Each structure stands twice: as structure tokens, then as C-alpha cells.
């Protein structure tokens, strides 16, 4: 059993990088990467729902406590040391970003097999995934701390919440994030995921300064009512303050972090309202991506080998 650290609840995609270089590393790319992967059996027979290799990089789900702890150390390095978030005393003492959700979720890892040693895995990229079937058995989704997910939960089928996404500073040239996206595609197919969702962050807490970008998301990417989470009432920030007739669309779009732009390119939506997170100096929106909205371009790049 992993030690539980007293880290306050954060939200999915919440720990996505906020610097331009870091976020560009996380955004979906049009560049292809040669990847070897076995043809997978049906999901119920899978021992490894994700198992992909590209040269010295391997992407799969964490299988040992040491691998999860390596992902937690990477998250701490990126979110706290690099991006300046404020850690709890325990998180700082251990040098790990960890909470109780880590024990029930799937940790998608990119490992450098040349640098990994027994008991000392080298994790250069990670995402955290929590399926509806798992969340419902353990008290709910992580992002419910910021959003009412009721409308989203009324949709049938499996859903997955994505979060804690980050890439090691030395691996932001694109290959690692392409592998993470490929791993997500494998995972979606293995578990027949219908919707992926989570919270994306815009750097800063000055809502007036961010309002053009927030209003752009509201006017052009607001989720339909049956998919639309709403920010919890005591944290709700209205995001449609700039009328469409007064919005400089080009400038507003340029303000969006690359990761959020990437999700919108995949056919994503945002929920109703934003939430300010002072600890992380971010303003969050809830992102929803129906998997059947993923564009053919990314389907071609990231679909599992051997799948139609």
C-alpha cells in the first residue's frame, strides 16, 4: 500500500503545464512517430490494456509501487519546483505529488528503458486515468471538487477522467507526448470509453485579463446541455462576459494554452463557468471530449494497431 500524503484535492488536467514550452509539449501534434505495438485481444482479456514501444521509450500502465512513486516525483518536479505551486508540508518533505486517488487510478507512463533500472524506473511522461466504474466504487471523481458532474454522469457507458499530465523537462520535443496520446487511444479502445473529461488550466487568476479567452471558449466550444458540467456554486466564475460581437477571436484564441487548444481540436467542449485555484495560480475550465468526436486525423495517428 502506498503512503497517503495529505495533499488537497486538485482537479484533472489541473496539473497540466502552464508555461508555453511545457504546454506545447502536452498538446496533440500532427507529427507521426514510428511505433511498434502488438495487436491487442478483446479488452476483457487484456493483461496490458496499453503496451506500446518506440525505440528506447515504452508506454504502459504502472505495474509497481516504484513506478507510481516515480510518476509522483515527476509531478512534484513539474508542478511545484518548475511551475511554482505551493506544496503541503508532507508533499515537500517527500518530494512527491500524491493523494489517495493515486491508489485507485491507472497511471499511464512513458518510461525510458535505457535509463530505467530494477526498482528505479525512469518516468519521462505521465497521465492519471480514472474510469467511471472505478470512481463510482470509491466515492466519485476527483474533479467533483470543482464541478457538478451530474449532467455528464447521466450519459451511458464508460467515461474516463484524465489528470496529472506532465512531461519531463528534457523530453518536450514531441515524442513523449505523442506516446501519451497513443497510450490514451489504446486505453479508450481497451475499455470502450465513450467520453473523456477533466479540468484544463489557464495560467493566472486575473479573470478580467483572461476573459477574452474564457469567452471564446464559451461562445465557440460550450458543451451541449446533456454533457455540460457546471462549476460548483461557491466557486462559479461567469465566462461569457465579452459579447461575441466585441470579441477579437484571433487574439482570444491565441491566449489559450496549447493543451486546451489541443482538446478543442479533438472535438472537445468546455463546461459552464470557470473556477479560480489560488494555490496553483490558475483559472480552470472543465473540458469534455466525446471519443466519437475525435477527428480522423488523430484517429489515424493514434488508433491501436490491428483495430478497425
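Numbering (the numbering used here), first residue to last: 860 to 1167. Glycine included, C-beta positions come from ideal geometry on N, C-alpha and C. None of the values given here were measured: they were computed from a predicted structure.
> Using a Cβ-Cβ cut-off of 7 Å (strictly less than) and excluding sequence neighbours within five positions of residue 971, which residues of its own chain qualify?
Replying inline: 915, 916, 981, 983
> Between residue 962 and residue 990, which are expected to be in contact by the criterion C-beta below 8 Å, what is the C-beta distance as a whole number of angstroms?
Replying inline: The pair is not a contact, with the Cβ atoms about 14 Å apart (cut-off 8 Å).
> How far does the beta strand (DSSP E) with residue 1053 in it reach, from first residue to last?
Replying inline: 1052-1062
> Just to confirm, are residue 1103 and residue 1080 a CB contact at a threshold of 8 Å?
Replying inline: Result no, Cβ atoms of residue 1103 and residue 1080 do not sit closer than 8 Å.
>> At the level of alpha carbons, what is the spacing between residue 1151 and residue 1129?
In response: 16 Å
> Near residue 1038, which residues of its chain fall below 8 Å by C-beta distance, leaving aside the five closest residues on each side in sequence?
Replying inline: Closer than 8 Å at Cβ, skipping near neighbours: 892, 894, 911, 913, 916, 918, 969, 984.
> Using the C-alpha atoms, what's the distance from residue 1137 back to residue 1106?
Replying inline: Our two residues, residue 1106 and residue 1137, have alpha carbons roughly 27 Å apart in a direct line.
>> Whether or not the region 1020-1028 and the region 994-1004 are in contact is what I'm after, with contact meaning three or more pairs of Cβ atoms, one per stretch, closer than 8 Å; do they touch?
In response: yes
> Going by the beta-carbon positions, is the gap between residue 937 and residue 1058 smaller than 8 Å?
Replying inline: no
>> Quick check: what's the CA-CA separation for residue 1148 versus residue 921?
In response: So the two alpha carbons sit approximately 24 Å from each other.
>> I need the DSSP call for residue 1024, collapsed to helix, strand or coil.
In response: strand
> How would you label residue 948, buried or exposed, when you count the other beta carbons within 10 angstroms and need 16 or more for buried?
Replying inline: Within 10 angstroms of the beta-carbon of residue 948 lie fewer than 16 other beta-carbons, which makes it exposed.
> Excluding the five sequence neighbours on either side, which residues of its own chain have a C-beta within less than 7 Å of the C-beta of residue 1100, listed in chain order?
Replying inline: 1070, 1074
>> According to DSSP, simplified to helix, strand and coil, what is residue 976?
In response: It is a strand residue.
> To which residues of the same chain is residue 1053 closer than 8 Å at the C-beta, ignoring the five residues directly before and after it?
Replying inline: 1014, 1015, 1016, 1017, 1018, 1149, 1150, 1151
>> Do residue 930 and residue 953 have their beta-carbon atoms positioned less than 8 Å apart in this structure?
In response: no
> Closest by CA to residue 976, which one among 939, 926, 1088?
Replying inline: Of the listed residues, the one whose Cα sits closest to residue 976 is 926.
> Would you report the Cα separation of residue 1091 and residue 1035, rounded to the nearest angstrom?
Replying inline: 34 Å
> Whole-angstrom Cβ separation of residue 826 and residue 1086, contact assumed at under 8 Å?
Replying inline: It is not possible to answer for residue 826, since the shown part of the chain is limited to 860 through 1167.
> Which of helix, strand or coil does DSSP assign to residue 1079?
Replying inline: helix
>> Please identify the residue among 956, 1135, 908 whose C-alpha is closest to the C-alpha of residue 1062.
In response: 1135
>> Let's see if you can read the secondary structure: which residues bound the alpha helix (DSSP H) around residue 1046?
In response: Following the DSSP letters along the chain, one finds residue 1046 inside the alpha helix (DSSP H) bounded by residues 1034-1049.
> Which residues bound the beta strand (DSSP E) around residue 1110?
Replying inline: Run containing residue 1110: none in the beta strand (DSSP E); it sits in the alpha helix (DSSP H), 1108-1113.
> Should residue 998 go down as buried or exposed, given a rule of 16 or more other Cβ atoms within 10 Å for buried?
Replying inline: Counting the other CB atoms within 10 Å of its CB gives residue 998 a total below 16, which places it among the exposed residues.
> alpha helix (DSSP H) containing residue 1118: first to last residue?
Replying inline: 1117-1124
> Between 979, 908, 1005, which lies nearest to residue 1096 when the distance is taken from Cα to Cα?
Replying inline: 1005
>> Can you look up residue 988 in the DSSP assignment and give me helix, strand or coil?
In response: strand
>> I need the boundaries of the alpha helix (DSSP H) containing residue 953, first residue and last residue.
In response: 948-953
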